[in-house]
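Undergrad: Following numbering that gives the first Met the number 0, the numbering of the sequence shown begins with 0 at its first residue and continues without gaps.
Beta carbons: idealized from backbone N, C-alpha and C, even for Gly.
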Amino acid sequence: MRPLLLQLDHFGSFREPVSVDFSDTEYFALVGPTGAGKSTIIDAICFALYGTVPRWGKENVIAHALAPSVSSGKVALVFESGGRRYGVVRAMVRDSKGAVRTKEARIDELDPSAPLDQAYDAVLKPLAEGENVTPEAQRVTGLEYRFFTQCVVLPQGRFAEFLHAAPRERQDLLVQLLDADVYELIRQRAVQEEEQAKRDAAFARDQLGKLSGVTAEAEQELADRLAALRRLAETIGADLDLLRAREADIRRAEQERAAVAERRSVLASLRMPDAVPTLASARRAAAESVEALAAEVATLEADDHEAYEALAALGDRGAPRAALAALDARERHAAQAARARAEAAAAAEPLPGLAAERKAAEQALAAAETQRERLRDAHAAAHLAPRLAVGEPCPVCRHPVAELPRHEPPADIRTADRALAGARDRAERASSAHARAEASASMLAGQADRLASELAALPEPGDRAELEGRLAAIGKAEEVAAQARNAFRAARGRLERARTGAEQVERQAESAWRTLESARDRLLVSGGHDDPPPPLTRDDLHRAWTDLLGWRDRAAQAAQAALAACDGQLAQAGDALSRERRKLAERLAEHGVVPPRDASPDQLGAAVAGAAARVESALDRVRDDRKRAADLDAQITRKEHEAKVAHELALRLRANAFERWLCAEALAVLVASASETLRELSDGQYELTLGDKTGDIEVVDFGEAGMRRSARTLSGGETFQAALALALALSGAVARGLDSIFLDEGFGTLDPATLDTVATTLERLAAGQDRMIGVVTHVPALAERVPVRFEVRRDAKGSHVRKAAT
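(1) Suppose you measure from the CA of D769 to the CA of V74; what does that come to, to the nearest Å?
(2) Measure how close the beta-carbons of A136 and L48 come, nearest whole angstrom, since I'm counting them as under 8 Å.
(3) For the alpha helix (DSSP H) holding A222, just list the boundary residues, first then last.
(4) Label R613 either buried or exposed according to how many other C-beta atoms from any shown protein chain fall within 10 Å of its C-beta, with 16 as the threshold for buried.
(5) What are the boundary residues of the alpha helix (DSSP H) that S38 is part of?
(6) Sort out for me which residues DSSP pairs L5 with in a bridge.
(7) Comparing C-alpha positions only, which one of S577, I635, L515, D619 sits nearest to W544?
(8) With the cut-off set at 8 Å, would you say G702 and T753 are in Cβ contact?
(9) Identify the continuous alpha helix (DSSP H) that holds K358 and give its terminal residues.
(10) Tell me the rounded alpha-carbon separation between I473 and P349.
(11) Take L603 as the anchor and find which of L228, E220, Q556 has the nearest alpha-carbon.
(12) Do the region 473 to 484 and the region 250 to 268 meet, that is, are 3 or more Cβ pairs less than 8 Å apart?
(13) Whose C-beta lies closer than 6 Å to the C-beta of A285 among residues of the same chain, with five residues either side of it excluded?
(14) Tell me where the beta strand (DSSP E) around D94 begins and ends.
(15) Taking I696 as the reference, give the member of E295, A558, A341, L713 with the closest Cα.
(16) Return helix, strand or coil for M0, following the three-state DSSP convention.
(17) Measure the alpha-carbon distance for A336 versus L450 and round it to whole angstroms.
(18) Return the bridge partner residues of V775 from the DSSP annotation.
(19) Tell me whether the beta-carbon of R198 lies closer than 8 Å to the beta-carbon of A649.
(20) In chain order, what residues of the same chain lie with their CB nearer than 8 Å to the CB of I635, ignoring the 5 residues before and after it?
(21) Where does G694 sit, in a helix, a strand or coil, going by DSSP?
(22) Using DSSP bridges, identify the partner residues of V699.
(23) Go ahead and pull the three-state DSSP assignment for E108.
(24) May I have a chain-ordered list of the beta strand (DSSP E) segments no shorter than 3 residues that lie completely inside the region 238 to 307?
(25) May I ask which residues mark the beginning and end of the alpha helix (DSSP H) holding E790?
(26) Hey, how far is the Cα of L278 from the Cα of P532?
(27) Here's a check: name, in chain order, each residue in its chain whose Cβ is nearer than 7 Å to the Cβ of A575, leaving out the five neighbours to either side.
(28) Rounded to whole angstroms, what's the CA-CA distance from D546 to E509? Just pull it up for me.
(29) Whose CA, out of E675, R340, D601, lies closest to the CA of S452?
(30) Tell me the residue span of the beta strand (DSSP E) that contains P125.
(31) Only counting runs of 3 or more residues, tell me where the beta strand (DSSP E) segments fall wholly within the region 460 to 520, in order along the chain.
(32) Taking 8 Å as the threshold (C-beta atoms), are L299 and A497 in contact?
(33) So, under 8 Å CB-CB, K802 and E15 are touching, yes? Tell me the CB distance rounded to an integer number of Å.
(34) Do the CB positions of V88 and E103 come within less than 8 Å of each other?
(35) I'd like to know if the region 243 to 263 and the region 572 to 590 are in contact, where contact means that at least 3 CB-CB pairs between them fall below 8 Å.
(36) What separation, rounded to the nearest whole angstrom, lies between the Cα atoms of F147 and S95?
Structure, rendered in structure tokens:
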């Protein structure tokens, strides 16, 4: 995994959008004061890929991605892995409860030929979204989260501790660094597998015990019974056909009896309608009533016509009514005009007095204003007099002053002001009262003139007595016409009801004839009569019904005799069916078949077939159970073997010798790989090896003729080289093809000579390896030797980064 472009927007201490371009960088340093946000850039790369950061503690905690005052943020990373370009984006948001959650997460494969600033627009294909982004990032980088935090961000302090540790302590550290504690997990899993295998074997034995009755003898017994039932099913066909023939005889007898019973029922249901004897007299009475009412309606209709002609001759009541309304309106206008003239005269009467009051108030106001001006001049003169001097020009007349004037103290001007204000208020009230009275008098006079004009425009009134007489005559004629119309309508209603009654009587007679014809036709259709029903004549309804009922009584006696004969035939057929059914039931009982009571032939055949099917199903279950018993026996053997293997594995992994052997082998491989790297970093001076007896890590110093000495004797810079070699050896063991590493290590405590060695080591590592190397430091002496620096600073607006070259 090689980062190319990192974009931060409100992530951690970066409160503003920031882009960090790594595309043309092989060896760089993140520099700046402590707390500026250098490590946050490395955290952002880790968060973009895996959604979490080691410094945050738990892997599922993302609350630290946003500052407390920030509601949303985003991290985007463009990187290369395996010769392909990818882009991963994670956006965070703070919900209404203050919790931080991931709003968006996606990873895409990008077009490597597109410009880096347009990389996110050149998507070749989407790879994953949401929770699937982290597994996809692990797949494309080849690094799980724990290996990324051990191999890309190297744990340098742990390897310096590992270099100087005693064998027992080194074994504990090696178990942690190599995740060798997985073998303890394997041992625990082996114990669980052993217990599960034992439980499975016990369960299989319990299931096998439940199948103890499944034997070869039981299987043979069921097979013999199935063969017997199949032979029975093949031979009972003739017996079932005989039963079906007996049932057919019974059905024919039942049908014949039902026909006779239906014929008797039809004869018994024949009844003469109750209205038949009186229908003739009712028809005559209805016809006479209709004729009398028709004559009455004709007479009343003529009266109605005559009354309405008399009403029409009097004319419409609208004209006299309108004339009376006009007369009433003229009288109302005359009264209103008189009242308006009286009100206008009353309103004009006080106008002269109000005018005199207004004039007097205006004169009093003028006098008060004159008096107030005189008093003001007196005050001005009294104020000016003390400043005059004899011989000096007077400021008013410009003549020399010959003698100083003497003035008595003038009256208080505030009294004059109050008098003037009172006079002005009385003048305004008098003027307002006069204006209101004048306006009211003018308005009332206008209303009086308007009402007089309207009264003159009204038409001349008619004679009220004559108009009222015409209206009374018209009302009387309307009353007479209404009475005639009501009498005519009432008679016509009685006529309609009489006609309806006559029609109803006719319908009753017709219905009685139809009932008679229908009953005779039903009797003819029922058949079985040697003597047919008598023919119908429409001369006399009552006589026709009497003849048909006499014939019905004779036919009912014959139907009763025929029904008794059918009952005898049906009883004989039922006895024959019962005998045949008992014989077949006894035969079925010999084979254990118990059919339902009164079962039909088809049900008897189905009972035999069902018994055979049940026996066949039981035989199949026995065979399946015998097969399952064999499988359970094999499963018991297999699970007992698995429990034994798991038990042996747990015993082997429980021994301390296994962990010592594993760590010893891993340590040998790790030291051998680190020795090659240390030889390159130290320019061939040092190698690492294991002590023959002590097991300590020793250094072979070729500058001292290959002398072997303890790693504790190395200087600070040499210790850094050895620890870095061990870290790179572990990185190579767990992550092949590592394209970038970041050293987030404190270099501030190193002396100048050691710092120089560290810087030289990093330069050789950068020059001799095809990988990106990043150093996080705030030591200027080390930063100055790095070709590219990313300067990180922090102010009140958050962290900022700037790319600079040495």
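TA: Let me lay it out:
(1) 27 Å
(2) Contact between A136 and L48 holds, since their C-beta atoms are separated by about 5 Å, short of 8 Å.
(3) 215 to 234
(4) exposed
(5) 37 to 49
(6) V19, L76
(7) It is L515.
(8) no
(9) Start and end: 350 to 383.
(10) Looking at the backbone, the Cα of I473 and that of P349 are separated by about 56 Å.
(11) Residue L228 is the option with its Cα nearest to L603.
(12) no
(13) G500, A501, V504
(14) Where D94 is concerned, there is no enclosing beta strand (DSSP E), given that its DSSP letter is neither H nor E.
(15) L713
(16) coil
(17) 5 Å
(18) L29
(19) no
(20) A200, A203, R204, L207
(21) coil
(22) Paired residues: E686, R707.
(23) strand
(24) none
(25) Per DSSP, E790 belongs to no alpha helix (DSSP H); it is in the beta strand (DSSP E), 787 to 794.
(26) 24 Å
(27) Cβ neighbours of A575 beyond the five flanking positions: R245.
(28) Using only the alpha carbons, I get a separation of about 18 Å.
(29) Scanning E675, R340, D601 for the CA closest to the CA of S452 turns up R340.
(30) In the DSSP assignment, P125 falls within the beta strand (DSSP E) that extends over 122 to 128.
(31) none
(32) no
(33) Incorrect: roughly 16 Å between the Cβ atoms, too far for contact.
(34) yes
(35) Three or more beta-carbon pairs separated by less than 8 Å link the region 243 to 263 to the region 572 to 590, which places the two stretches in contact.
(36) 34 Å
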